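Undergrad:
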Amino acid sequence: MGERGAARRSMMAELHKFLFEGLPVRGMVVRLTDAWQEILRRRAGEDGANVYPEAVRDLLGEMTAAATLMQASIKFNGALVLQVFGDGPVKLAVVEVQHDLALRATAKVVGEVAEAASLSEMLNVHNQGRCTITLDPKTRFPGQQPYQSMVPLYGDQREKLERLSDVLGHYMLQSEQLDTTLVLAADDKVAAGLLIQRLPVEGEGNLAGSMVSRANEDQIGHDEDYNRISLLAASLKREELLTLDVDTILRRLFWQEKVQRLQTLDGADGPRFHCSCSAERVRGMIRGLGVEEAESILEERGHIEVGCEFCGRQYRFDAVDAAQIFAGRSELPPGSSVVQ
Ligand SMILES: [Zn+2]
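If you count by the numbering used here, then the sequence shown holds residues 45 to 384, one letter each, in order.
(1) Is the closest heavy atom of ligand 1 to the C-beta of Arg85 under 8 Å?
(2) Taking 8 Å as the limit between beta carbons, can you name the residues of its chain near Tyr96, skipping five residues before and five after?
(3) By DSSP, does Tyr359 sit in helix, in strand, or in coil?
(4) Among all the DSSP beta bridges, which residues are the ones paired with Ile240?
(5) I want to check one thing, is the minimum distance from the CB of Gly32 to the heavy atoms of ligand 1 below 8 Å?
(6) Figure out for me which residue from Asp310, Met194, Glu337 and Val290 has the closest Cα to the Cα of Gln304.
(7) Where does Met194 fall in DSSP's three states?
(8) Kindly examine ligand 1 and report whether one of its heavy atoms sits closer than 8 Å to the Cβ of Ser164.
(9) Alpha carbon to alpha carbon, how far is Asp365 from Asp388? Give it in angstroms, no decimals.
(10) Since Phe64 and Lys281 should fall inside the 8 Å C-beta cutoff, what is the C-beta to C-beta distance between them, to a whole number of angstroms?
(11) Is Leu179 closer than 9 Å to Tyr191 when the C-beta atoms are compared?
(12) Taking 8 Å as the cut-off, is the beta-carbon of Cys175 closer than that to any non-hydrogen atom of ligand 1?
(13) Just list the residues that DSSP pairs Gln188 with in beta bridges.
(14) Whose CA, out of Glu206, His60 and Gly199, lies closest to the CA of His214?
(15) Ligand 1 and Ser320: does any heavy atom of the ligand fall closer than 8 Å to the residue's C-beta?
(16) Please report the residue range of the alpha helix (DSSP H) in which Gly105 lies.
(17) Could you give the first and the last residue of the continuous alpha helix (DSSP H) run that contains Ala298?
(18) Mind checking who His60 pairs with in its DSSP beta bridge?
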């Protein structure tokens, strides 16, 4: 790829940060194009046919944009995993975004999904659907579990929520004590999102710790500047978010505000598709199955085949490989010889 190609490509997945001068409000816009198309291409199969029904594709795109914004906003040193477990035809949708914004996503659909299916028709038919956000630290202490929060797909009155942005807004409020407004949109080319967030009330040192969080809680929902900017943000239309560049979006929405552009992350520093699967991890999985289960699969099929749901890569192990897995020889560094 030439220099021009590289420059053009680097423009194709971007995260823009900005703030409102003098106000306790910040924002971000994410636009995933090549990263999003790669996720879809990986699942498209040999014939290139779409694997996901349109409504599921758009939901997964919105989730991907949202998880990227949440990771960039929380800056968690590890993986942020956004998952929905559905009780309708969409059984599972997962997005994982690493600290460096490397990301991957996949969904599992069983049965028919109507063309313009709503969120609840896809995954909350009986109001049993749920959404989890897992923060998995890069380095864990022995025995340490990832942090996981669950948010239901319904509101205070158990009314079904029809927008993913509302579900995630609840999470940010509950878990991060932050007012957050999200606008999300996706189609077959672009997955994009706008996040507006009230900055927490700043602390004045350790002694004031509890007072500070109370001061912050008192501000939830009551900051006029945030409320005004949030309303403006919510007026952004799906078409605008999908088609306009960030400067145009910010000008259109906030022309009366003083917006200061901060960092832009793109190219190698920006959001991009990357799958972290490896033969070693799959070996670990097979080890987890246990020797009996593995042997029964080998007996039945002659090999154990595991496909990565995120990138489509196939891992295949025959009886000799399996024997090595259970002999623990796969722990040897690559290239080392096994003495029989
Ligand atoms: Zn993979």
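Where is the CB? At the ideal position from N, CA and C, for every residue including glycine.
What you are looking at is a predicted structure, and each value in this text was computed from that prediction instead of being measured.
TA: Result, derived from the coordinates:
(1) Along the sequence shown, read from residue 1 onward, the residue named residue 85 stands at position 41. False, no ligand heavy atom lies under 8 Å from that Cβ.
(2) The residue you call residue 96 lines up with position 52 of the sequence shown. Only Leu84, Arg87, Leu104, Ala151 and Val153 meet the Cβ criterion.
(3) Along the sequence shown, read from residue 1 onward, the residue named residue 359 stands at position 315. Of the three classes helix, strand and coil, the one that applies to Tyr359 here is strand, per DSSP.
(4) Locating residue 240 in the sequence shown gives position 196, where the first residue counts as 1. Answer by DSSP bridge pairing, in chain order: Gly71 and Thr225.
(5) Lying before the first or after the last residue shown, residue 32 is absent from the chain, which here runs from 45 to 384.
(6) Locating residue 304 in the sequence shown gives position 260, where the first residue counts as 1. Minimum Cα distance to Gln304 is reached at Val290.
(7) As a first step, residue 194 must be located in the sequence shown, where it is residue number 150. Reduced to three states, the DSSP call for Met194 is strand.
(8) Stepping through the sequence shown from its first residue, residue 164 is reached at position 120. Not so, every heavy atom of ligand 1 lies at least 8 Å from the Cβ.
(9) Outside the displayed span of the chain (45 to 384) sits residue 388, for which this structure offers no information.
(10) Stepping through the sequence shown from its first residue, residue 64 is reached at position 20. Stepping through the sequence shown from its first residue, residue 281 is reached at position 237. No, Phe64 and Lys281 are not in contact; Cβ-Cβ is about 21 Å, not under 8 Å.
(11) Here residue 191 is taken as the residue at index 147 of the sequence shown, counted from 1. Here residue 179 is taken as the residue at index 135 of the sequence shown, counted from 1. A contact, by the Cβ cut-off of 9 Å.
(12) Counted from its first residue, the sequence shown places residue 175 at position 131. For ligand 1, not one heavy atom lies less than 8 Å from the Cβ of Cys175.
(13) Taking the first residue of the sequence shown as position 1, residue 188 is located at position 144. According to DSSP, which records beta bridges pairwise, Gln188 is partnered with nothing at all.
(14) For the purposes of this step, residue 214 is taken as residue 170 along the sequence shown, with counting starting at 1. Ranking the options by Cα distance to His214, first place goes to Gly199.
(15) By 1-based counting over the sequence shown, the position of residue 320 is 276. Checking the Cβ of Ser320 against ligand 1 gives yes.
(16) Taking the first residue of the sequence shown as position 1, residue 105 is located at position 61. Glu98 to Ile118 is the extent of the alpha helix (DSSP H) around Gly105.
(17) As a working mapping, residue 298 is identified with position 254 in the sequence shown. The sequence shown places Phe at residue 298, not Ala. From DSSP, the alpha helix (DSSP H) with Phe298 extends over Val290 to Phe298.
(18) Numbered from 1 along the sequence shown, position 16 holds the residue referred to as residue 60. DSSP lists Val73 and Thr308 as partners of His60.
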